[in-house]
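The C-terminal residue of the sequence shown carries number 404 in this note's numbering, and the numbering is unbroken.
Just so you know, even glycine gets a beta-carbon here, dropped at the ideal spot from N, CA and C.
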Amino acid sequence: MILIDGKKAAAELREELKKEVTDLKTKYNKVPGLTVILIGDMTPSQIYVRNKEKSANEVGLKSEVIKYPDTVEEEIVLKKIEELNNDDSVSGILVQLPLPKHIDKQKVIEKIIPSKDVDGFHPMNVGNLSSGYESSIPCTPLGCYLLIKKIESNLSGKKAVIVGRSNLNGKPMTQLLLKENCTVTITHSKTKDLKAECLEADIIVAAVGIPELVKGDWVKKDTIVIDVGINKTDNGIVGDVDFDEVSKNAKALTPVPGGVGPMTIACLLKNTIECFKRSQI
Ligand code: NAD
124 MILIDGKKAA
134 AELREELKKE
144 VTDLKTKYNK
154 VPGLTVILIG
164 DMTPSQIYVR
174 NKEKSANEVG
184 LKSEVIKYPD
194 TVEEEIVLKK
204 IEELNNDDSV
214 SGILVQLPLP
224 KHIDKQKVIE
234 KIIPSKDVDG
244 FHPMNVGNLS
254 SGYESSIPCT
264 PLGCYLLIKK
274 IESNLSGKKA
284 VIVGRSNLNG
294 KPMTQLLLKE
304 NCTVTITHSK
314 TKDLKAECLE
324 ADIIVAAVGI
334 PELVKGDWVK
344 KDTIVIDVGI
354 NKTDNGIVGD
364 VDFDEVSKNA
374 KALTPVPGGV
384 GPMTIACLLK
394 NTIECFKRSQ
404 I
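Quick look at the structure:
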């Protein structure tokens, strides 16, 4: 079984991006800039944002974090986004989710100009991705896609089963694999026989949020299994895939932690650079 090392893949991607940023600096005499808005003091969000800032600096991006208390008015956040939309030194804008209840998430997502939407959540980018046009691609599914491609470069005709249909993971993942000519089945909480669906798969991507849902006897030999889940349990952090069991059958599997997680941040940097390049045309 191939253990898919997300940490190593992310480090390699960051190295490539660092070189690209150096070249862009030579060509345009400026570097791509990422601005993150962080609202409130939730510890996981603070850790994510700190890691994003650190990684952005590592590859040579200009990075900025704007912090607001969780009592900030929605109008102030929307005004700040407007300001960043019009700021040429900002290539990408990300508002760290989740948001306090009094702030309308969709309003915030739609306020970010699609050309700076590094999360790929704006309806325009969602539509472009599903139509096969150029767009920002949500970072986690993009990371999963790059890991799958490292194992198998030609995915044409493969049967992929996506477990979970969230806008963040399952749906964009489906679009990415469709574009690669996979036959994609998207499953969810109302799917009748998840095990039977998974047993058909050459590729499984699990993004559910249920600890160790995907069992060893759900996976046929030679399946690539990507585990997006991050679940806190009494035994520590585990994924949506039963790692010990599935590793006996799968062709390749991502660990949790150290699989998809590190690729998510590297892909955010990649998206920022892509936004910058598109803005220079
Ligand atoms: P979500 O809660 O938005 O969506 C979960 C999906 O799973 C839903 O579509 C639901 O229909 C489906 N589902 C629920 N129960 C099911 C069942 N029994 N069988 C099949 N499908 C079922 O979740 P999300 O935001 O996509 O996150 C999923 C997991 O991925 C979470 O553990 C989250 O922490 C993790 N996550 C990891 C990263 C990363 O960088 N590695 C990024 C984002 C999310």
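Checklist entry - Is the beta carbon of Ser178 within less than 7 Å of some heavy atom of the ligand NAD? => result By 1-based counting over the sequence shown, the position of residue 178 is 55. Not so, every heavy atom of the ligand NAD lies at least 7 Å from the Cβ.
Next on the checklist: With a threshold of 7 Å (Cβ to nearest heavy atom), would Ala330 be considered close to the ligand NAD?
Outcome noted: In the sequence shown, the residue the question calls residue 330 occupies position 207. Ala330 Cβ: within cutoff of the ligand NAD.
Next on the checklist: So, with DSSP's three-state summary, where would you put Ile360?
Outcome noted: Locating residue 360 in the sequence shown gives position 237, counting from the first residue. Note: Ile360 maps to strand in three-state DSSP.
Next on the checklist: If I follow the unbroken beta strand (DSSP E) through Ser186, where does it start and stop?
Outcome noted: For this step, residue 186 is matched to residue 63 along the sequence shown. Per DSSP, Ser186 belongs to the beta strand (DSSP E) from Lys185 to Tyr191.
Item to check | 8 Å CB neighbourhood of Ile333 in its chain, flanking five on each side removed | outcome: Your numbering for residue 333 matches position 210 in the sequence shown. Contacts found: Gly352, Asn354 and Asp363.
Next on the checklist: So if DSSP puts Val383 in a beta bridge, which residue, or which two residues, is it bridged to?
Outcome noted: In the sequence shown, the residue the question calls residue 383 occupies position 260. For Val383, which the question treats as bridged, DSSP gives no partner whatsoever.
Next on the checklist: Classify Glu303: buried if its beta carbon has 16 or more other beta carbons within 10 angstroms, exposed otherwise.
Outcome noted: Translated into positions along the sequence shown, residue 303 becomes position 180. By the 10 Å Cβ count, Glu303 comes out buried.
Next on the checklist: Quick check on DSSP: helix, strand or coil for Asp210?
Outcome noted: Here residue 210 refers to the residue found at position 87 of the sequence shown. Asp210: coil per DSSP, three-state reduction.
Checklist entry - Taking 7 Å as the cut-off, is the CB of Arg401 close to at least one heavy atom of the ligand MG? => result With respect to small molecules bound, the structure shown includes the ligand NAD and not the ligand MG.
Next on the checklist: Below 7 Å, is the gap between the Cβ of Gly163 and the nearest heavy atom of the ligand NAD?
Outcome noted: One-based indexing of the sequence shown puts residue 163 at position 40. Checking the Cβ of Gly163 against the ligand NAD gives no.
Checklist entry - Can Thr308 be considered in contact with the ligand NAD, in the sense that its beta carbon sits closer than 7 Å to one or more heavy atoms? => result Here residue 308 refers to the residue found at position 185 when the sequence shown is read from its first residue. No, Cβ of Thr308 sits at least 7 Å from all heavy atoms of the ligand NAD.
Next on the checklist: Quick check on the DSSP output: what are the complete alpha helix (DSSP H) runs of length 4 or more inside the stretch 232-259, in order along the chain?
Outcome noted: 246-254
Checklist entry - Closer than 8 Å, CB to CB, is Asn304 near chain C or not? => result No chain C is part of this structure, which consists of one protein chain only.
Checklist entry - If you draw a straight line from the alpha carbon of Asp240 to that of Glu196, how long is it in whole angstroms? => result Walking along the sequence shown from the start, residue 240 turns up at place 117. Walking along the sequence shown from the start, residue 196 turns up at place 73. Cα to Cα, Asp240 sits roughly 22 Å from Glu196.
Checklist entry - Hey, how far is the Cα of Glu206 from the Cα of Val342? => result Position 83 of the sequence shown, counted from the first residue, corresponds to residue 206. Position 219 of the sequence shown, counted from the first residue, corresponds to residue 342. So the alpha carbons of these two residues sit roughly 49 Å apart.
Checklist entry - For Ile226, which residues of its own chain have a beta-carbon under 6 Å away from its beta-carbon, when the five flanking residues on both sides are left out? => result Here the question's residue 226 lines up with position 103 in the sequence shown. In the same chain as Ile226, and ignoring 5 residues on each side of it, the C-beta atoms closer than 6 Å to its own belong to Glu197, in chain order.
Checklist entry - Which of the three DSSP states, helix, strand or coil, is assigned to Thr377? => result Indexing the sequence shown from 1 puts residue 377 at position 254. Of the three classes helix, strand and coil, the one that applies to Thr377 here is coil, per DSSP.
Item to check | Ile333 - DSSP class collapsed to helix/strand/coil | outcome: Here residue 333 is taken as the residue at index 210 of the sequence shown, counted from 1. Ile333: coil per DSSP, three-state reduction.
Checklist entry - Using a threshold of 7 Å, is the CB atom of Asn354 nearer than that to any non-hydrogen atom of the ligand NAD? => result Taking the sequence shown and counting its residues from 1, one reaches residue 354 at position 231. It does: the Cβ of Asn354 is within 7 Å (strictly closer) of some heavy atom of the ligand NAD.
Checklist entry - When we look at the beta-carbon of Gln403 and count the other beta-carbons within 10 Å, is it buried (16 or more) or exposed? => result Taking the sequence shown and counting its residues from 1, the one referred to as residue 403 is at position 280. Label assigned to Gln403: exposed.
Next on the checklist: Let me check one thing: in DSSP terms, what residues is Ala283 bridge-paired to?
Outcome noted: As a position in the sequence shown, residue 283 is number 160, starting the count at 1. Looking at the DSSP assignment, Ala283 forms a beta bridge with Val307 and Ile326.
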